[in-house]
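Written out below as structure tokens is the structure these notes cover.
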Amino acid sequence: MIFEPIRLMPEAPGQTPAKNRTIFSLLAAIRWVQRYVDSEAKTTPRWAKLIAVLDEATVGEIEPPDVRAALHVALMAEGWAMPDELEQPDIFTSGRVDSP
Numbered sequence: 001m002i003f004e005p006i007r008l009m010p011e012a013p014g015q016t017p018a019k020n021r022t023i024f025s026l027l028a029a030i031r032w033v034q035r036y037v038d039s040e041a042k043t044t045p046r047w048a049k050l051i052a053v054l055d056e057a058t059v060g061e062i063e064p065p066d067v068r069a070a071l072h073v074a075l076m077a078e079g080w081a082m083p084d085e086l087e088q089p090d091i092f093t094s095g096r097v098d099s100p
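Going by the UniProt record's numbering, the residue at position 59 of the sequence shown is 59; the numbering climbs one at a time, nothing skipped.
Here it is in structure tokens:
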């Protein structure tokens, strides 16, 4: 299951040296949560809800936009994801200027 990418903040756990890590699939979301969200955090309501959404998505009960929304809300609450309105396509951030 693929969804619109979520760009992680530079200080998010698991961020790459280039600071450009994104999560864009159910598999990537599950792996990221398993690796970087500790067991204590998983018991908080926010993470418990996200894990339930991920579990339901693995059996096809939830659509990609809903999975993305749940993941994005959880990551933003921790300060680990950029708000959608701050994300820009690479063409706007690459410094490249095309002449008309």
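Backbone N, C-alpha and C fix where the C-beta goes; we use that ideal spot for every residue, glycine too.
Asked: Helix, strand or coil: how does DSSP classify Thr-58 here?; Found: helix
Asked: At the level of alpha carbons, what is the spacing between Pro-65 and Arg-31?; Found: 18 angstroms
Asked: Using the C-alpha atoms, what's the distance from Leu-8 back to His-72?; Found: 10 angstroms
Asked: Ordered along the chain, which non-local residues of its own chain (more than five positions away) have a Cβ less than 6 angstroms from that of Glu-56?; Found: Ile-62
Asked: Taking just the CA atoms, how far does Thr-43 sit from Val-37?; Found: 10 angstroms
Asked: Take Lys-19 and list the residues in its own chain whose beta-carbon comes closer than 8 angstroms to its own, dropping the five residues that flank it on each side.; Found: Pro-10
Asked: Between Val-59, Gly-79, Glu-4, Ala-74, which has its C-alpha nearest Ile-23's C-alpha?; Found: Glu-4
Asked: Please report the straight-line C-alpha distance between Leu-34 and Val-53, rounded to a whole angstrom.; Found: According to the sequence displayed, residue 34 carries Gln and not Leu. Roughly 14 angstroms separates the two Cα atoms.
Asked: Would you kindly check if the distance between the Cβ of Leu-50 and the Cβ of Ala-70 is under 8 angstroms?; Found: yes
Asked: Would you give the residue range spanned by the beta strand (DSSP E) that Arg-7 belongs to?; Found: 2–7
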